[in-house]
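Quick note, the sequences are listed as chains A and B, same order.
220 is the number that the working numbering gives to position 8 of the first sequence; each next residue is one higher, with no gaps.
260 is the number that the working numbering gives to position 246 of the second sequence; each next residue is one higher, with no gaps.
The beta-carbon is built from N, C-alpha and C at its ideal position, and this holds for glycine as well.
Everything below concerns the one structure shown next.
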Amino acid sequence: MKLDPSFIWTAFVQILSAIPTTLYITVVSVLIGFVIGVAVALIRIYRIPLLYPLAVGYVTFIRGTPMLTHLLLIYFGLPVLIDGLAEQFGWSFRSVSIPMIGFAYISFSITAGAYMSEVVRSGLLAVDRGQLEAAHSIGMTTPQALQRIVFPQALAASLPNLSNSVIGMLHGSTLAFTVSVVDINAKAQIVASTNWKFFEAYLAAALIFWGLTFLIERATSVIEKRINLYNRGGVA
Amino acid sequence: MGAPFDISYVFSYLPKLLGTLGTTLLIVGCSLQAGIIVGFLVALPRLYKVPVLKTCSEIYISFFRGTPILIQLFLFYYGLPEILKLVHVDMTRTPVLVFVILTYGLHTGAYMSEMIRAAVLAVDKGQIEAAYATGMTGFQAFTRIVLPQALGIAIPVFSNLVIALLKDTSLAFTLGVMEMTGKAQTLGSLTQHFIETYIALALIYLVISFTIEKLLLIAERRLLRHEKRSTSEKKSFKIHKNWSYRRIIAELGPGKGGAGL
Numbered sequence: 213m214k215l216d217p218s219f220i221w222t223a224f225v226q227i228l229s230a231i232p233t234t235l236y237i238t239v240v241s242v243l244i245g246f247v248i249g250v251a252v253a254l255i256r257i258y259r260i261p262l263l264y265p266l267a268v269g270y271v272t273f274i275r276g277t278p279m280l281t282h283l284l285l286i287y288f289g290l291p292v293l294i295d296g297l298a299e300q301f302g303w304s305f306r307s308v309s310i311p312m313i314g315f316a317y318i319s320f321s322i323t324a325g326a327y328m329s330e331v332v333r334s335g336l337l338a339v340d341r342g343q344l345e346a347a348h349s350i351g352m353t354t355p356q357a358l359q360r361i362v363f364p365q366a367l368a369a370s371l372p373n374l375s376n377s378v379i380g381m382l383h384g385s386t387l388a389f390t391v392s393v394v395d396i397n398a399k400a401q402i403v404a405s406t407n408w409k410f411f412e413a414y415l416a417a418a419l420i421f422w423g424l425t426f427l428i429e430r431a432t433s434v435i436e437k438r439i440n441l442y443n444r445g446g447v448a
Numbered sequence: 015m016g017a018p019f020d021i022s023y024v025f026s027y028l029p030k031l032l033g034t035l036g037t038t039l040l041i042v043g044c045s046l047q048a049g050i051i052v053g054f055l056v057a058l059p060r061l062y063k064v065p066v067l068k069t070c071s072e073i074y075i076s077f078f079r080g081t082p083i084l085i086q087l088f089l090f091y092y093g094l095p096e097i098l099k100l101v102h103v104d105m106t107r108t109p110v111l112v113f114v115i116l117t118y119g120l121h122t123g124a125y126m127s128e129m130i131r132a133a134v135l136a137v138d139k140g141q142i143e144a145a146y147a148t149g150m151t152g153f154q155a156f157t158r159i160v161l162p163q164a165l166g167i168a169i170p171v172f173s174n175l176v177i178a179l180l181k182d183t184s185l186a187f188t189l190g191v192m193e194m195t196g197k198a199q200t201l202g203s204l205t206q207h208f209i210e211t212y213i214a215l216a217l218i219y220l221v222i223s224f225t226i227e228k229l230l231l232i233a234e235r236r237l238l239r240h241e242k243r244s245t246s247e248k249k250s251f252k253i254h255k256n257w258s259y260r261r262i263i264a265e266l267g268p269g270k271g272g273a274g275l
């Protein structure tokens, strides 16, 4: 084994083909996670009976255990559950027909949901209650007030956390290799072991991730500037 | 798979997994210490704006926060021996655990340095001036006035970091370290009772992270006892209404608050 700097570029080009998989996993889990997060956050803010303890339990469990265990639990647990139910009710659907990446989507969405709920909750609570009352006083309905007044402000407040969550999920997607999904990390492993150049391949993968993270951060700061226009202070 | 689900396995696996708890905690403990030291070393050039070192530490932080820990783990495991071979240091006999602790130490160090920097900056500058006015030296002012307050501010973030680190250790199995996750996978494939093993594993992680959180909450109450704020509101993730406090947290960067793996 000798260091081969030129191989970094070769590996880089080969690993590029796996970027879409990583991005799919990230985007899907963030989007579904966001939906779950909003639901859980609203349940917790309005303290809906019965659902409230469930939501708290869900968030505590997910935040207290590693993402890897969620993935493994879903990967091994879900087929047993689905096949058991299928047997009982005579469905033709079996867990075999779920693609590997499906497990990654499901498990990472569940993970993202718990973290997102905290992000959404802190964002919503950051908006002054007076804003809602003011909206009501000028005759808006609650959905209108939420949509026009509260949500835009909550979004602005939670944007930094949101971007951190996205980056977290991007980095978390590397775990997908444990269920044989070929994402950037798995591709790096393949490139590394077929050429016996581990360091170079992982360096290339690290550079790609670094670049992606940088892009997300840049994009966030642009959006943040745009979204915080109302808040620029002074007399404006 | 194939084996039917049997809850009693969960309980029989618990003690087996607890046997490897030591390795997990060893990784957490060692890399935490390394992380704090690295964090301080990296935070100081940025706090005092030392010309070249400042850029170096910024790149260091950016790299370790910008790449997944799994990639870093592989990078160090495979890369370090090759680089050290160039200077004729043989690392073939180094135990894997050293690489793991090194990686986690450097990874946490990046987050720690951000935490330390933001916490120190969050302490009111007037406090330092007041300390100088009463005749303290710079060192005295830092250790007696700034540090205790910064510690109190930083501890919720610190707690998040420790829990994130604990959860990150579940990745050490990829290098063949027999910590809890590695042990769970071995147990699972030996007995084909995967679900039960992973439930047991999740339970252990849950209990440990809960304990860490509680312990650090007690520490936080002690450190912030000079402030009359009711710290109990921090329990169960209550959100702080106080705007300045939220800004500090935002500035700290929620650490790995986004999603610790």
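Interface with chain A (8 Å Cβ-Cβ cutoff): E128 (chain B) is excluded.
Proximity of Y212 (chain B) to chain A, defined by a Cβ-Cβ separation below 8 Å, is satisfied. Among the residues of chain B, none has a CB under 9 Å from the CB of N407 (chain A); the nearest is roughly 12 Å distant. Between the stretch 360-369 of chain A and the stretch 331-348 of chain A there are three or more C-beta pairs closer than 8 Å, enough to call the two in contact. As the crow flies, the alpha-carbon of K437 (chain A) is around 17 Å from that of G335 (chain A).
Between L98 (chain B) and Y91 (chain B), the alpha-carbon positions lie close to 12 Å from each other.
Annotation: Cβ neighbours of A216 (chain B) in chain A (cutoff 7 Å, chain order): T277, T281, L285. For P95 (chain B), the enclosing alpha helix (DSSP H) begins and ends at 83-100. Check the Cα spacing between Q163 (chain B) and each of B:K228, B:L135, B:T108, B:K197: the tightest is with B:L135. Boundaries of the alpha helix (DSSP H) harbouring T117 (chain B): 110-136, taken from the DSSP string.
A direct Cα-Cα distance of roughly 8 Å separates F410 (chain A) from Q401 (chain A). For S223 (chain B), the chain A residues whose Cβ falls inside 8 Å of its Cβ are R275, G276, T277, in order along the chain.
Around F25 (chain B), the same chain offers no residue with a beta carbon nearer than 6 Å, after the five sequence neighbours per side are excluded. Counting along the chain, the unbroken alpha helix (DSSP H) around P364 (chain A) starts and ends at 363-384. Annotation: F172 (chain B) to M129 (chain B) spans about 8 Å, alpha carbon to alpha carbon. At least 8 Å separates the beta-carbon of V331 (chain A) from that of S385 (chain A). Within chain B, the residues whose beta carbon sits less than 9 Å from that of W422 (chain A) are S76, F77, G80, T81, listed in sequence order. Comparing C-alpha distances from M194 (chain B) to each of B:F19, B:Y23, B:P29, B:D20 shows the shortest one belongs to B:P29.
Per DSSP, reduced to three states, the secondary structure at F224 (chain B) is helical.
In this structure, M352 (chain A) sits away from I248 (chain A), with a CB-CB distance that is not shorter than 8 Å.
A contact between stretches requires three or more CB pairs, one per stretch, nearer than 8 Å, and the stretch 286-305 of chain A meets this requirement with the stretch 315-326 of chain A. T34 (chain B) carries a coil assignment under DSSP once its states are collapsed to helix, strand and coil. Here DSSP, grouped into helix, strand and coil, assigns E193 (chain B) to coil. Rounded to whole angstroms, the Cβ separation of I420 (chain A) and I294 (chain A) is 35 Å, and the two are not in contact under 8 Å. In this structure, G49 (chain B) and T122 (chain B) form a Cβ contact; the two beta carbons are roughly 3 Å apart against a cut-off of 8 Å.
Between the alpha carbons of A316 (chain A) and L55 (chain B) lies a gap of roughly 38 Å. Taking a 10 Å sphere around the C-beta of I255 (chain A), we find 16 or more other C-beta atoms and assign the residue as buried.
Scanning its chain for C-beta atoms nearer than 6 Å, with the 5 sequence neighbours on each side dropped, one finds around L84 (chain B) the residues L185, in chain order. Relative to A368 (chain A), the option among A:T390, A:E299, A:I439 whose CA is nearest is A:I439. Between R107 (chain B) and the set B:G119, B:L94, B:Y118, the nearest pair of CA atoms involves B:L94. For F19 (chain B), the secondary structure class from DSSP, reduced to helix, strand or coil, is coil.
If the five residues before and after A223 (chain A) are omitted, its C-beta is found closer than 6 Å to the C-beta atoms of V403, E412, A413, A416, all from its own chain and listed in chain order.
Short of 8 Å from the beta carbon of Q86 (chain B), and not among the five residues preceding or following it, lie these beta carbons of its own chain, in chain order: F78, T117, L120, H121. For I396 (chain A), the uninterrupted alpha helix (DSSP H) segment begins and ends at 396-407. Contact check for E210 (chain B) against Y27 (chain B) passes: the beta carbons are separated by less than 8 Å. For a Cβ distance threshold of 8 Å, nothing in chain A lies close to I21 (chain B): the least Cβ distance comes to about 13 Å.
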